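Here is the structure we will look at.
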Amino acid sequence: MAKPVYVLNGPNLNMLGLREPHIYGSETLDDVRRMVEDHAKSLGLSVSFRQSNSEGELVTWIQEARTEASGIILNAGAYTHTSVAILDALTAAEVPVVEVHLSNIFRREPFRHHSYVSPAAFGVLCGFGPKGYLLALDGLHARLGAAAKS
Ligand code: DQA
97 MAKPVYVLNG PNLNMLGLRE PHIYGSETLD DVRRMVEDHA KSLGLSVSFR QSNSEGELVT
157 WIQEARTEAS GIILNAGAYT HTSVAILDAL TAAEVPVVEV HLSNIFRREP FRHHSYVSPA
217 AFGVLCGFGP KGYLLALDGL HARLGAAAKS
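So the sequence shown is numbered by the numbering used here: it starts at 97 and just counts up by one.
Here's what the structure looks like:
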């Protein structure tokens, strides 16, 4: 049985649908989870979709991914812009990582323009709303397929 892709969501993403809908849209995180699970199934992948408001819990899940996941799709929320601990965990995980943001962080406040996650990611998607998660799955699927052939 192939290992699942960990789809990890950071702080405040549990508020999707309620939170600043003009920026983040009207879909809830549960809607996003359903879209991700359906798309993963169509690609022959399984996912473990999680959300935490706690930096430490995200770090623990990323550590776990080293042995338990085939790859990571991460929307670290605001920790993207602050967390060296998450960068260190991702670097140590040694599985392919895609960074996702619903909004285009480069069109927003300058403090959102820097990401501690990006150096550990092979790809970054932002500004596509929930569709970004599906594009991340496509990218990860291609990457895992290419790695399996090499
Ligand atoms: C976000 C962008 C971050 O800057 C913000 O702190 C979030 C959500 C996004 O998905 O657009 O919580 O990661």
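No residue lacks a Cβ here, since even glycine has one placed at the ideal position from N, Cα and C. The model shown is predicted, which means the values in this text are computed figures rather than measured ones.
With 16 other Cβ atoms within 10 Å as the buried cut-off, status of residue i
i: Ser122; result: exposed
i: Pro215; result: exposed
i: His197; result: buried
i: Pro206; result: exposed
i: Pro117; result: exposed
i: Leu114; result: exposed
Residue i and residue j closer than 8 angstroms at C-beta
i: Arg239; j: Phe218; result: yes
i: Tyr212; j: Ile182; result: yes
i: Ser148; j: Leu154; result: yes
i: Ser179; j: Tyr120; result: no
i: Tyr102; j: Ser144; result: yes
i: Ala165; j: Leu233; result: no
i: Val194; j: Leu236; result: yes
i: Val132; j: Ile168; result: no
i: Pro107; j: Gly173; result: yes
i: Ala189; j: Arg162; result: yes
i: Leu104; j: Trp157; result: yes
Paired residues, beta bridge with residue i - DSSP
i: Asn105; result: Gln147 and Asn171
* Asked: What beta strand (DSSP E) runs, 3 residues minimum, are completely inside the stretch 118-195?
  -> 143-147 and 167-171
* In the stretch 207-240, which residue ranges form an unbroken beta strand (DSSP E) of at least 3 residues, counting only runs that do not cross its ends? -> 219-222
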